[in-house]
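Asker:
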Amino acid sequence: MSAIRTPDQRLRVFVSSTIEELREERRVVREAIERLRLIPVLFESGARPHPPRELYRAYLDQSDIFIGIYASSYGWVAPDMRISGLEDEYHLSTGRPQLIYIKQGGGVREPKLEELLRTIKGSEGVSYQKFETPEQLADLLQNDLAVLLSERFAGKEKSERPQGHGLPAMRNATIGRDRERAELAELLLRKDIGLVTLTGTGGTGKSHLALRVAHDVAARFPDGACYVSLASVGRAEQVLPTIAAALCVVDSGQGDLMDALAEQLGDREPLVLIDNFEQVLEAAPLLATLLSRLPKLTLLVTSRAPLHLLGEQVFAVQPLDGPATDEQHREKLLACPSVDLFVQRARARAAQLELDDANVRAIADLCRHLEGLPLAIELAAAHTKYFTPAALAARTDRLLDLLARGPRDLPERQRTMRAAISSSCELLGPAHRCFFRRLAVFSDRWTLEQAAIVTDAPALELDPLEAVEQLADMGLVRVAPARPGDPDQEPRFNLLHVVREYAYEELDAQAERPATMHRLSGWCMHLVTQAAQQAGSDLVVQWMDHVEVSYLDLRNVIRNALDRGDVATVWMLIAQLNTFWLLRGYRGEALEWLRATGLERLVDDRRSHTELPAQLRAGVLFAAGTMCYYAEHQRKAVTYLDRAVELYLGEPGAPHNQLFYTYLFLAMALIGSDDPRAGAVMEKAMAGARAAEDHFLEAMGLCFRTEVLVRAGELDLARSDLARARKVADEQPRILLRNSMHLAAGNVAMMSGRLEEALDEYAKCLAVAGSQRIVGTVGWAQNGLGYALVVSGRIEEGRRMFLEGLVTARQSGYRAALMAQWAGLGLVAALVGDPKGAARLLGAAEAVRSKVQYSPWMVTRRLLEDAHQAVAARLTPEVFEAERRIGAQLPLEEVQKLATT
713 MSAIRTPDQR LRVFVSSTIE ELREERRVVR EAIERLRLIP VLFESGARPH PPRELYRAYL
773 DQSDIFIGIY ASSYGWVAPD MRISGLEDEY HLSTGRPQLI YIKQGGGVRE PKLEELLRTI
833 KGSEGVSYQK FETPEQLADL LQNDLAVLLS ERFAGKEKSE RPQGHGLPAM RNATIGRDRE
893 RAELAELLLR KDIGLVTLTG TGGTGKSHLA LRVAHDVAAR FPDGACYVSL ASVGRAEQVL
953 PTIAAALCVV DSGQGDLMDA LAEQLGDREP LVLIDNFEQV LEAAPLLATL LSRLPKLTLL
1013 VTSRAPLHLL GEQVFAVQPL DGPATDEQHR EKLLACPSVD LFVQRARARA AQLELDDANV
1073 RAIADLCRHL EGLPLAIELA AAHTKYFTPA ALAARTDRLL DLLARGPRDL PERQRTMRAA
1133 ISSSCELLGP AHRCFFRRLA VFSDRWTLEQ AAIVTDAPAL ELDPLEAVEQ LADMGLVRVA
1193 PARPGDPDQE PRFNLLHVVR EYAYEELDAQ AERPATMHRL SGWCMHLVTQ AAQQAGSDLV
1253 VQWMDHVEVS YLDLRNVIRN ALDRGDVATV WMLIAQLNTF WLLRGYRGEA LEWLRATGLE
1313 RLVDDRRSHT ELPAQLRAGV LFAAGTMCYY AEHQRKAVTY LDRAVELYLG EPGAPHNQLF
1373 YTYLFLAMAL IGSDDPRAGA VMEKAMAGAR AAEDHFLEAM GLCFRTEVLV RAGELDLARS
1433 DLARARKVAD EQPRILLRNS MHLAAGNVAM MSGRLEEALD EYAKCLAVAG SQRIVGTVGW
1493 AQNGLGYALV VSGRIEEGRR MFLEGLVTAR QSGYRAALMA QWAGLGLVAA LVGDPKGAAR
1553 LLGAAEAVRS KVQYSPWMVT RRLLEDAHQA VAARLTPEVF EAERRIGAQL PLEEVQKLAT
1613 T
């Protein structure tokens, strides 16, 4: 086509602004453009039979220069749009010269306009001016257009030198990358940096971001920017000719191509975007040579791995921010970048997608599962033509199958997530690929030590640190952020869900899953054995943290053992983790696993599982019994613990400490069941401790025996037991003993009417138990302290303590503790003038007590009695009973609301 234009083909200047607000400014801008003999393109130029968005898009496509004028209004947002037409026009204008004008003194700007202006100001490729009057705007615009045209004309004088092929146009908006764009623009414009490499997992949007940033800054480079795609380049020797061709450097074949590049480019200052360098990493030294020969050249490279060149600035592209786990507010979810991307791409396929609360929440769930990976989000969004967001979210158990069809105009490696990940794996050597696929068995985060064991790195002749670094360079592994409960400062790593699914496919294809799971099981067994050895020590919290951080792997190993019918492994893990279940919860899940192994047969049939050691059978029954005790299944706890005692006694050489704790928990379960055997069983526990001369266990027994003595009215004996326990605690200041002693001492003091002593002991118990995060003990200490405060006349302080206890009870899952806190708050309500509310709380507490069939300890019984008397003194029996019945029928959340108001 001829470069000679007919006289009517003058430059078109698109004017973007709100119409009514800036009507006078649009008039003077039109006149200024026409004075320069250019063609103004304005939306209101005439009625056209097309939707508004199609119209301004078409106008923009045919325009050469973009003028943006902004005052106070953000503009109208169409029902099917997330952004206004004003913002959409700005994003669509990328790649053209942009002149921006911001009106001052025009009133308070709308928040969304402020956000748009921050984006504009953060873009290095856009210049902007401020104005106050239409006349000032006209002068600024006319001068700026004249300078712009002069610059363009001056650029023609250098056309004898190669100019390159420029940058591909960008049709899709860039979502959620404002910070990255600003940071990359700053790097590229620094004179001391010649090479910036964007790295990241396949599908993070490296190519799109790099191209967007290149557009942002192209105008700041005297010789513009050009694009080099290496997608179809498979050999290192093809790289330099491909770059030369993109820069329009002629390869005459008469000399060295590097010399030709240096000679023909000379002192030019272009930005060169090189895409997909990971396919030819061995050609990286060529770029170093190119940069040394052309010191004014700037390279922007995308690669799944760094080039490892001197002076290289590596910029790791992360997935988009996802919605917070607990966020449910529709507008906040829609403002999240990953959700916004899904919506934009989905509406391109299904324009009628309803953004009601249900759909937006389903999209947010899907984006959380896709972990903000842009390619995965785009591939999932493509299915909205046939599936609702909720239906898509329900299909995330097989992510790779869901993300298996992309647009035909994308490169093959980007049409499916499986292809994107596979293209990275193909760059690995056999040993590293094996190391990678074995990491699939980790459910969450892992350390280098774990990776070395589970992948069998020594057999692969790999250094785990080097192997993980290479996988991280390729974007297949990522550094996982630290969490508050982490037990150490060790770095932890993980795989994105979709990458892990791919690794699992590879693992199964090589038939390596059984052996890899066996190694993971061995590591878990080692961990829980170490933790069990520290169960009674002051290091228990640290070791429980180690267990909790690996709990998902333990769950995986236990489920795998259940699937294989490996009862011994399940029982060993659960028995060793007994302290963990008691301190950290998860008891319901553990009891389900035990039931799945046929634990009941161990109670009903003396010949069951006799092929397994008696101590293992007794240990798992002890674990089941203690879990049932804390889960408030007292009768079941007694059944399991009775059978555990029988097995321990029938096994010569059974550990005395294990037998002691079995007797101890059996006695507590009997107390909770109002069984008169409790005292005799407690004496057996004490006798065993004395026979073994284990003063620590004896002191523990003395603390718990106080409840038996209080029930018998032997308060003096209870205080005597505590004095003996305190002496041992002074000699062996172990946290577990001090924790038990202070709680028991508080209970005995409260039952004796010694309020100051009770306040002191409960406060000490809270401090000790809180340091170990023993939520069960913390909750009971809060209840006792709240009770003591109220009885002392410090009613508001007591109320606050009961409320804290309410939170702890919800965390621990102890319904009996919940009952006690409601009773305490009922007592407070009665004393401050709300006897009906108090009656309802007591009704709710009694309903819980009836359901769990739990006999409270004496101090809790007295609290219930005091609360009952306080209400009875303020209501007639008929009203009290009616309100109590209402409280007994209230749902849990209604009771909680009543308790906290």
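Sequential numbering of the sequence shown, starting at 713, is according to this note's numbering.
Ideal placement from N, C-alpha and C gives every residue a C-beta, glycine not left out.
Note that the structure is a prediction, hence the values are computed from the model and not measured.
Flag this pair as touching only if the stretch 1500 to 1508 and the stretch 1476 to 1490 have three or more C-beta atom pairs under 8 Å; answer yes or no.
Answerer: As far as the Cβ criterion goes, the stretch 1500 to 1508 does not touch the stretch 1476 to 1490, which means the pair count is below three.
Asker: Given a threshold of 16 other Cβ atoms within 10 Å of its Cβ, counted over all protein chains shown, does V1422 qualify as buried or as exposed?
Answerer: It is buried - the Cβ of V1422 has at least 16 other Cβ atoms within 10 Å.
Asker: Taking V1591 as the reference, which of E1516, F933, E1577, D1546 has the closest Cα?
Answerer: Taking only the C-alpha atoms, the option nearest V1591 is D1546.
Asker: Do you know how far the Cα of W1255 is from the Cα of Y1352?
Answerer: Cα to Cα, the separation comes out at about 27 Å.
Asker: If contact is defined by three or more beta carbon pairs under 8 Å, each pair taking one atom from either stretch, is the stretch 1461 to 1469 in contact with the stretch 1506 to 1514?
Answerer: These segments do not touch.
Asker: So, does the stretch 1025 to 1035 touch the stretch 1077 to 1096, judging by three or more C-beta pairs under 8 Å?
Answerer: The answer is yes - the stretch 1077 to 1096 touches the stretch 1025 to 1035, with three or more Cβ pairs under 8 Å.
Asker: Would you check if the distance between the CB atom of I777 and the CB atom of P809 is smaller than 8 Å?
Answerer: Closer than 8 Å, so yes.
Asker: Given a cut-off of 8 Å, decide if P1018 and T911 are closer than it, judged by their beta-carbon atoms.
Answerer: Going by C-beta atoms, T911 is nearer than 8 Å to P1018.
Asker: For the beta strand (DSSP E) containing G780, list its first residue and its last residue.
Answerer: Here the beta strand (DSSP E) through G780 covers 777 to 782.
Asker: Using only the alpha-carbon positions, how far apart do S1524 and G1300 sit?
Answerer: Cα-Cα distance, rounded: 12 Å.
Asker: If we count Cβ pairs, one from each stretch, closer than 8 Å, do we get three or more for the stretch 1197 to 1212 versus the stretch 1145 to 1160?
Answerer: These segments touch.
Asker: With contact counted as at least three CB pairs below 8 Å, one residue from each stretch, are the stretch 1006 to 1014 and the stretch 895 to 907 in contact?
Answerer: Yes, they touch.
Asker: I need the DSSP call for T1010, collapsed to helix, strand or coil.
Answerer: Correct three-state label for T1010: strand.
Asker: Cα separation between F1148 and I1270?
Answerer: Rounded to the nearest angstrom, the two C-alpha atoms are 23 Å apart.
Asker: For L772, I'd like the list of residues in its chain whose CB is within less than 7 Å of its CB, leaving aside the five on either flank, ordered along the chain.
Answerer: For L772, where only same-chain residues beyond five positions count, the Cβ hits under 7 Å are F726, E801, L804, S805.
Asker: Given this structure, state the Cα-to-Cα distance separating Y1341 from L1530, to the nearest angstrom.
Answerer: Rounded to the nearest angstrom, the two C-alpha atoms are 16 Å apart.
Asker: Over the uninterrupted beta strand (DSSP E) stretch that includes V740, give me the two end residues.
Answerer: Taken as a continuous stretch (DSSP letters only), V740 belongs to no beta strand (DSSP E), being part of the alpha helix (DSSP H) at 735 to 747.
Asker: Are M1284 and M1229 closer than 8 Å when you measure CB to CB?
Answerer: No, they are not a contact pair.
Asker: Just the Cα atoms here: how many angstroms apart are A1326 and A1542?
Answerer: C-alpha separation (whole angstroms): 54 Å.
Asker: Excluding sequence positions up to five away, which residues of its chain have a Cβ less than 7 Å from the Cβ of G1023?
Answerer: Hits under 7 Å: G906, L907.
Asker: Assign K842 to buried or exposed, taking buried as 16 or more other Cβ atoms, counted over all protein chains shown, within 10 Å of its Cβ.
Answerer: When all chains shown are included, K842 counts as exposed.
Asker: Is there contact here, the stretch 981 to 988 with the stretch 930 to 942, by at least three beta-carbon pairs under 8 Å?
Answerer: Output reads yes: the stretch 930 to 942 touches the stretch 981 to 988.
Asker: Nearest CA to the CA of V1210: which residue from T1241, E1224, L1188?
Answerer: Minimum Cα distance to V1210 is reached at L1188.
Asker: Flag this pair as touching only if the stretch 1163 to 1175 and the stretch 992 to 1002 have three or more C-beta atom pairs under 8 Å; answer yes or no.
Answerer: Short answer: they don't touch.
Asker: Starting from the C-beta of Y1474, find all residues in its chain whose C-beta is less than 7 Å away, skip the five residues before and the five after it, and write them out in chain order.
Answerer: The answer, listed in chain order, is G1458, A1493, G1496, L1497, A1500.
Asker: According to the neighbour-count rule (16 or more other Cβ atoms, all chains shown, within 10 Å of its Cβ), is Y1098 buried or exposed?
Answerer: Exposed: under 16 other Cβ atoms inside 10 Å.
Asker: Please classify R747: is it buried, with 16 or more other beta-carbons within 10 angstroms of its beta-carbon, or exposed?
Answerer: Exposed, since its Cβ has fewer than 16 Cβ neighbours within 10 Å.
Asker: My guess is that L1539 and D1578 are in contact by the Cβ rule of under 8 Å, so how many angstroms apart are they, rounded?
Answerer: Yes, they are in contact, since the Cβ atoms of L1539 and D1578 sit about 6 Å apart, within 8 Å.
Asker: Are the beta-carbon atoms belonging to I814 and Y782 less than 8 Å from one another?
Answerer: It is a contact, given that the beta carbons lie within the stated cut-off.
Asker: Compare the Cα-Cα distances from A1103 to each of I1089, A1074, C1079, R1080 and report the closest residue.
Answerer: It is A1074.
Asker: Whose C-alpha, out of A1092, Q816, V961, is nearest the C-alpha of S784?
Answerer: For the residues A1092, Q816, V961, the minimum Cα distance to S784 belongs to Q816.
Asker: For R1016, count neighbouring Cβ atoms within 10 angstroms of its own Cβ and tell me buried if that reaches 16, exposed if not.
Answerer: Flag for R1016 reads buried.
Asker: Kindly list the residues whose CB is nearer than 6 Å to the CB of A1335, restricted to its own chain and excluding five residues on each side of it in sequence; keep chain order.
Answerer: Result list for A1335: I1286, A1287, N1290, in chain order.
Asker: Hey, A1441 and R1450: beta-carbon distance below 8 Å or not?
Answerer: Yes, these two residues count as a Cβ contact at 8 Å.
Asker: What's the C-alpha gap between H1258 and L959?
Answerer: In a straight line, the C-alpha of H1258 is about 56 Å away from that of L959.
Asker: For L1314 versus M1339, is the C-beta distance shorter than 8 Å?
Answerer: Going by C-beta atoms, L1314 is not nearer than 8 Å to M1339.
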